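Chemist: Using my numbering, you'd call the opening residue of the sequence shown number 202 and step up by one each time.
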Amino acid sequence: MLYIFDLGNVIVDIDFRRVLGAWSDFSRIPLAELQKSFVMGETFHRHERGEISDEEFASQLCHEMSLPLSYEQFTTGWQAIFVALRPEVIDIMNRLREQGHRVVVLSNTNRLHTTYWPEQYPEIQSAADRIWLSQDMGMRKPEPGIYQKVLKEEGFSAEQTLFFDDNADNINGAEACGITSILVTDNRTIPDWFARQ
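1. Start and end of the beta strand (DSSP E) containing L334?
2. Give the secondary structure of T276 by DSSP, where H, G and I count as helix, E and B as strand, and everything else as coil.
3. Taking the CB atoms as reference points, tell me whether N388 and R287 lie closer together than 9 Å.
4. Can you give me the C-alpha to C-alpha distance between R341 and D207, rounded to a whole angstrom?
5. Is the beta carbon of D214 closer than 9 Å to that of F283?
6. Does the distance from the CB of T381 to the CB of L363 come in under 9 Å?
7. Which two residues bound the contiguous alpha helix (DSSP H) that contains V213?
8. Would M202 and Q361 qualify as a contact pair, given that the criterion is a beta-carbon distance under 9 Å?
9. Quick check: the Cα distance between G222 and N311, rounded to an integer number of angstroms?
10. At a cut of 8 Å, does the stretch 233-251 reach the stretch 261-272 through at least three beta carbon pairs?
11. With a cut-off of 8 Å, do at least 3 Cβ pairs link the stretch 222-235 to the stretch 298-317?
12. What does DSSP give as the partner residues of A359 in its beta bridges?
13. Looking at the strands, I want to know which residues DSSP matches up with A285.
14. Among residues of its own chain, excluding the 5 on either side of Y317, which ones have a beta-carbon nearer than 6 Å to its beta-carbon?
15. Can you tell which of E376, H314 and I291 has its C-alpha closest to the C-alpha of E344?
16. So, for D330: in the same chain, excluding its five sequence neighbours on each side, which residues have a beta-carbon less than 8 Å away from its beta-carbon?
17. Measure the CB-CB distance between R219 and G339 and report whether it falls below 9 Å.
18. Please say whether V211 and D370 have beta carbons closer to each other than 9 Å?
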């Protein structure tokens, strides 16, 4: 079997409020205002596909949100998204590999974040056979091509694959490709699912 795990709020707890909180501290703009102006729109998606650089992303997002931040302040806030590893999921990934299954990570992410989490959480790299990142693939979930590429490169059919993600759109995208998918709603979803198998 091929097991595909998303990264944020699946293997690692993330919280966008921490990002906005840091930017609010730096800019002195009230958090409520930033929460209204922050949108995961086209700039965000282009960054995740690797179509724009980190610097362009920071500049465009600051412009869209009227945020007077230096690049350093922007990136410090951007990395504040990471909260903590979910060790119970790492244990499951390691166990699946010991049982002979293929275990990969498929994440919508960006270069800025990959300068941070691999060093911060080396356990992720150790627990996965391969890490697939949207910015390297030029595609992002839930685009069908991203799932099809992973299946093709990994050499598994959709029927031989199980996918865990915390985003309903990504789940629907994978299911449209024939992949059995589990929506992760909290840190008990994955351990409880495996306990029932």
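Cβ coordinates follow ideal geometry from the N, Cα and C atoms, glycine included. All values reported here derive from a predicted model rather than from experimental measurement.
Modeler: Let me lay it out:
1. One-based indexing of the sequence shown puts residue 334 at position 133. In the DSSP assignment, L334 falls within the beta strand (DSSP E) that extends over R331 to L334.
2. Taking the first residue of the sequence shown as position 1, residue 276 is located at position 75. Look at T276 here: in three-state DSSP terms it is helix.
3. As a position in the sequence shown, residue 388 is number 187, starting the count at 1. As a position in the sequence shown, residue 287 is number 86, starting the count at 1. Cβ distance < 9 Å, so N388 and R287 count as in contact.
4. Looking up residue 341 in the sequence shown gives position 140. Looking up residue 207 in the sequence shown gives position 6. Spanning the two alpha carbons is a distance of roughly 12 Å.
5. Counted from its first residue, the sequence shown places residue 283 at position 82. Counted from its first residue, the sequence shown places residue 214 at position 13. F283 is a Cβ neighbour of D214, given a cutoff of 9 Å.
6. Start at 1 with the first residue of the sequence shown, and residue 381 comes out as number 180. Start at 1 with the first residue of the sequence shown, and residue 363 comes out as number 162. In contact: T381 and L363 (Cβ atoms closer than 9 Å).
7. Translated into the one-based positions of the sequence shown, residue 213 becomes position 12. For V213, there is no enclosing alpha helix (DSSP H); the residue is found in the beta strand (DSSP E) stretching over V213 to I215.
8. As a working mapping, residue 202 is identified with position 1 in the sequence shown. As a working mapping, residue 361 is identified with position 160 in the sequence shown. It is a contact, given that the beta carbons lie within the stated cut-off.
9. Within the sequence shown, the letter at position 21 stands for residue 222. Within the sequence shown, the letter at position 110 stands for residue 311. Each residue's alpha carbon lies about 20 Å from the other.
10. Contact between the stretch 233-251 and the stretch 261-272 is established, with three or more Cβ pairs separated by less than 8 Å.
11. Result no; under three Cβ-Cβ pairs closer than 8 Å.
12. Position 158 of the sequence shown, counting from 1, holds the residue named residue 359. Per DSSP, A359 has no beta bridge partner at all.
13. Mapped onto the sequence shown, residue 285 falls at position 84. For A285, which the question treats as bridged, DSSP gives the partners D214.
14. In the sequence shown, residue 317 corresponds to position 116, counting from 1. Excluding residues within five positions, the ones whose Cβ falls inside 6 Å are Q280.
15. Taking the first residue of the sequence shown as 1, we reach residue 344 at position 143. The option with the nearest alpha carbon to E344 is E376.
16. Against the sequence shown, residue 330 aligns to sequence position 129. The beta carbon of D330 lies closer than 8 Å to those of R298, R303, V304 and V305 in the same chain, with the five residues before and after it left out.
17. Here the question's residue 219 lines up with position 18 in the sequence shown. Here the question's residue 339 lines up with position 138 in the sequence shown. Taking 9 Å as the Cβ cut-off, R219 and G339 do not qualify as a contacting pair.
18. The residue given as residue 370 occupies position 169 in the sequence shown. The residue given as residue 211 occupies position 10 in the sequence shown. No, Cβ-Cβ distance for D370 and V211 is not below 9 Å.
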